[in-house]
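Taking it in order: structure first as structure tokens, then the write-up.
Residue numbers (the working numbering): 1099 to 1191.
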């Protein structure tokens, strides 16, 4: 994937900042009614819009990963846009 205006960045290793984003949307366990062994960000890609969209691959234990799409507004609030499980997304695999 190329970095072009309006597009997503190339996949990168997750940083401490990305893990903090995941911690902000940790209510996922409550919503999915599942208890995960861990909730560790592994890879991510981002897209600058009116704020920032993040696609984040999260390891939750064993061979299970969640793929999150999270929107960060300009005032630093977080919204979980999408959650996928057991799907390998090529752009952040």
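Every residue gets a Cβ at the ideal spot worked out from N, C-alpha and C, and that includes glycine.
Going by DSSP, what residue range makes up the beta strand (DSSP E) through residue i?
| i | result |
| --- | --- |
| residue 1143 | 1138-1147 |
In chain order, what residues of the same chain have a beta carbon less than 7 Å from the beta carbon of residue i, not counting five sequence neighbours either side?
| i | result |
| --- | --- |
| residue 1130 | none |
| residue 1179 | 1167, 1168 and 1169 |
Kindly indicate the opening and closing residues of the alpha helix (DSSP H) around residue i.
| i | result |
| --- | --- |
| residue 1179 | Unbroken run through residue 1179 is the beta strand (DSSP E), 1176-1183; no alpha helix (DSSP H). |
| residue 1121 | 1114-1122 |
| residue 1126 | 1126-1130 |
Given this structure, state the Cα-to-Cα distance separating residue i from residue j, to the nearest angstrom.
| i | j | result |
| --- | --- | --- |
| residue 1182 | residue 1165 | 5 Å |
| residue 1134 | residue 1151 | 24 Å |
| residue 1169 | residue 1136 | 22 Å |
| residue 1109 | residue 1154 | 9 Å |
| residue 1121 | residue 1146 | 21 Å |
Quick one: what's residue i bridged to in DSSP?
| i | result |
| --- | --- |
| residue 1162 | 1159 |
Return the chain-ordered list of same chain residues with a C-beta closer than 6 Å to the C-beta of residue i, the five sequence neighbours on each side being excluded.
| i | result |
| --- | --- |
| residue 1157 | 1138, 1140 and 1163 |
For residue i, which residues in the same chain have their Cβ closer than 8 Å to its Cβ, ignoring the five residues on either side in sequence?
| i | result |
| --- | --- |
| residue 1144 | 1106, 1107, 1150, 1151, 1152 and 1153 |
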